[in-house]
Every structure is written in structure tokens, then in C-alpha cells.
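Single-structure report; data block below.
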Amino acid sequence: MGLDAYRFSIAWSRILPNGTGEVNQAGIVHYNKVIDALLAKEIEPYVTLYHWDLPLALEDKYNGLLDRQIINDYAAYAETCFKAFGDRVKRWITFNEPHTVAVQGYDSGIHAPGRCSVLRHLCCKQGSSGTEPYIVAHNIILAHATVSDIYRKKYKAEQNGEVGMSLDVIWYEPVSNSTANVEAAKRAQEFQLGWFADPFFFGDYPATMRSRVGERLPRFMTKEAHLVKGSLDFVGINHYTTFYTKEDHSTVIKYLLNDTLADSGSVSLPFRNGKAIGDKANSIWLYIVPGSMRRLMNYVKDRYNTPTVYITENGKYMHNMNFSI
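And the structure:
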């Protein structure tokens, strides 16, 4: 195929079965083989350190990403990987799609660990959709910044690598040119991309989030803000689809759910005047809107002053999958 790069993830529990403590040497050997095989074919490894596979031991011990202890434990795991593989790996991705982790794991509850408010999803046994996604996101951001700081101080001079994060980003188009809907589309973008990117470039969450979420949105201490700002060497973008967006007037829904979607005050939908925003892909949520990638890249360029960007995920989910890898 002529590939010159390959992205894969390391399973935390394959390196540290209990999340901390003794290293599983068999796991080190396995990933050494993967990395060496890629380099033998002149394929550069792009390594994701966390792709939604938190060690169960840490979830059981202190509720995983909800507790600030995760910052130190994740940093120890990342440093283990830097020591073992950093002589050959030059592109590190700390977290894959943290927005999905926070929202689908702790707001809608459809991903592990399946936490949410009971009114959000009747299958959830515990959780708070109005607070926990923001706590988890905050801890992820601090964990990344801590790891980036460790890498720069202890490993970068010798290994000469980069540390970034892959962010999941839907592009939002206002359903009409009304001021309310244009602002709703802006908020939707800030509650997804801005939620995670703004702290790394500006040292804090978007002002829109601060005003709408209020005290439920954690605050960075001055020292933390300095640690976070500038800690991304590159931005990974995972982009698949686009939605129309309109202002949400459902005050009853906001009162009942009090979650991240209600906080954004926006509703996304794939249709306008009965017509889909793009061709339907072979998935219930994917629509093919090619021009949105350029609009998204221009948005990132303008908002964040031309950062280094890698497209870490993108593609078209075909109806005929006979040619899939």
C-alpha cells in the first residue's frame, strides 16, 4: 500500500496488569516486535497510550478517571513506555478522543464505565451527567500535561519525539443563518473541540463553557494552567462527519438532564428541510460531507494560530466492505 506511517495503541494493562506496580515483560516484548517490524519496512509508528482501555484494577480501586490519582498512575505508565520504546517511537498520542471518553462514558453512559444520571439513561446504576464528564475531562487534560512535562524534561533531548493528543471533532453547520443558530453551531464546536483544545492553547476552557456550566466546570490552579498551556506538540484530528445545528429551546430537557448536551444549548441533526446534509454512510450517525474537512482545518488554523496537525482518523464507512483491511 505504500504506507509510511502506522498508528496503533498500547494497552495499559498489557504493560501494567494492575495499572501500577510490576511491569509485564511479555507486553514489552510484544510491542517491541510490533515497532521493530514497522521500522524494518520504513513505516513510522504513531503510538496511542490510551484508547479507552483503563485497567479494571484502577476503576475498582478509586473509580479510575474520576479521581486525581489517575494523573500520577497514568504518568508512571507513560514513562514506562517512554523508557521501553522511546528510542524508536517519535510520535506519542496520550489520549484518543477524550471527548468521547468523557461524554459517552460519564454522560450518556453508553461506553465503559457506563455512568450517568438516572434520567439520562435508565440503564445507569450510578453517576452524574452534569458533573462527572467535566471532572473526567479535567483529569485527562492534567494527565496529558503532566506526561508532556515529564517527556520534555527527561526524554526529549535524547529521544527527540513529540507528545500530542487525538481529538474527535464533528463539524457543525448552522441549520439557518439566524443569529441564534449560528451561535448554537459555535457553541457546539466549543463544547467539543474547544473543551479540550482551548486549555492547551489558552490555558483555560472556552468562555462560553465557563458561563454556561458555571461551578460544575473545574478550574485550573495557576500552576496547573501554566503546565497545561503549550503542552501539545501536535493536535491529532479524528473527523468523520458533519451535522446541522440549531439553538435548543428545551428548558424542560435542560432542567431534567442538566448534562453536557443541555449545557451547550444546541441540538444537532442530519437533515434540513427533509434533505440530508450528505450521503448516508453505512452507519446510523455518519454522513459524507467532504468539504467539512477543509472548513474544520481552517477553523483550527484560525482559532489556534496554525498548530501542527496530524489527521489521525478519517474515512468513509462504505456499504460494500469487501475491500476493507
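Residue numbering for the sequence shown follows the numbering used here, starting at 946 and increasing by one per position.
Positions of the beta carbon are idealized from the N, C-alpha and C atoms, including for glycine.
Bear in mind the structure is a predicted one, so any value in this text is a computation, not a measurement.
Would you report the Cα separation of residue i and residue j, rounded to the nearest angstrom?
{"i": "Pro990", "j": "Asn1122", "result": "44 Å"}
{"i": "Ile1222", "j": "Phe1216", "result": "6 Å"}
{"i": "Arg1164", "j": "Ala982", "result": "44 Å"}
{"i": "Val1092", "j": "Pro1000", "result": "18 Å"}
{"i": "Tyr1051", "j": "Thr1205", "result": "10 Å"}
{"i": "Gly1260", "j": "Ala1125", "result": "32 Å"}
{"i": "Ser1209", "j": "Gln1049", "result": "16 Å"}
{"i": "Tyr1007", "j": "Val1081", "result": "13 Å"}
{"i": "Ile1256", "j": "Ala1002", "result": "33 Å"}
{"i": "Arg1240", "j": "Ala971", "result": "45 Å"}
{"i": "Asp1005", "j": "Gly964", "result": "11 Å"}
{"i": "Ala1057", "j": "Glu1258", "result": "21 Å"}
{"i": "Leu1087", "j": "Thr1025", "result": "18 Å"}
{"i": "Leu1010", "j": "Ile1085", "result": "7 Å"}
{"i": "Met1242", "j": "Val1234", "result": "14 Å"}
{"i": "Ile997", "j": "Asn1250", "result": "A quick correction: the sequence has Trp, not Ile, at residue 997. Rounded to whole angstroms, Trp997 to Asn1250 spans 30 Å at the Cα level."}
{"i": "Lys1168", "j": "Met1238", "result": "35 Å"}
{"i": "Val1245", "j": "Leu984", "result": "31 Å"}
{"i": "Trp1116", "j": "Thr1187", "result": "5 Å"}
{"i": "Glu1103", "j": "Asp1018", "result": "24 Å"}
{"i": "Val1046", "j": "Gly966", "result": "25 Å"}
Given residue i, which residues of its chain have a CB within under 6 Å of its CB, disregarding the five upstream and five downstream residues?
{"i": "Tyr1022", "result": "Trp957, Leu961"}
{"i": "Val1212", "result": "Lys1191, Asp1193"}
{"i": "Val1120", "result": "Asn1126, Tyr1189, Lys1191, Arg1217"}
{"i": "Thr993", "result": "Ser954, Ile1038, Asn1041"}
{"i": "Lys1035", "result": "Gly1106"}
{"i": "Phe1090", "result": "Position check: residue 1090 holds Ala in this sequence, whereas Phe was assumed. Once the five neighbours on either side are set aside, the close Cβ partners of Ala1090 are Leu1172, Val1173, Ser1176."}
{"i": "Pro1252", "result": "Val1180"}
{"i": "Ile1055", "result": "Gln1049"}
{"i": "Gly1139", "result": "Pro1151"}
Can you give me the Cβ contacts of residue i inside the same chain, cut-off strictly under 7 Å, excluding the 5 residues immediately before and after it?
{"i": "Ala950", "result": "Ile988, Glu989, Tyr991"}
{"i": "Ser1228", "result": "Tyr1262"}
{"i": "Ile980", "result": "Pro990, Phe1030, Arg1033, Val1034"}
{"i": "Gln1071", "result": "Arg1060"}
Which residues does DSSP list as the beta-bridge partners of residue i?
{"i": "Thr1190", "result": "Pro1119, Ser1213"}
{"i": "Ser1111", "result": "Asn1041, Gly1181"}
{"i": "Ser954", "result": "Thr993"}
{"i": "Glu1258", "result": "Asn1183"}
{"i": "Ala1221", "result": "Phe1216"}
{"i": "Tyr1232", "result": "Lys1225"}
Using C-beta distances below 8 Å, list every residue in its chain close to residue i, excluding the 5 sequence neighbours before and after it, in chain order.
{"i": "Asn969", "result": "Arg959, Ile960, Leu961, Pro962"}
{"i": "Gly1219", "result": "none"}
Three CB pairs or more closer than 8 Å across the stretch 1173-1193 and the stretch 1107-1114: yes
Any 3 or more C-beta pairs closer than 8 Å across the stretch 1122-1137 and the stretch 1148-1158: yes
Within the stretch 1005-1059, ranges of the beta strand (DSSP E) (whole runs, at least 3 residues): 1036-1041
Contact between the stretch 1068-1077 and the stretch 1135-1147 (3+ Cβ pairs under 8 Å): no
Ranges of the alpha helix (DSSP H) found wholly within the stretch 961-1004, counting only runs of at least 4: 970-985
Uninterrupted alpha helix (DSSP H) stretches inside the stretch 1129-1176 (no shorter than 4 residues): 1140-1147, 1152-1158, 1167-1173
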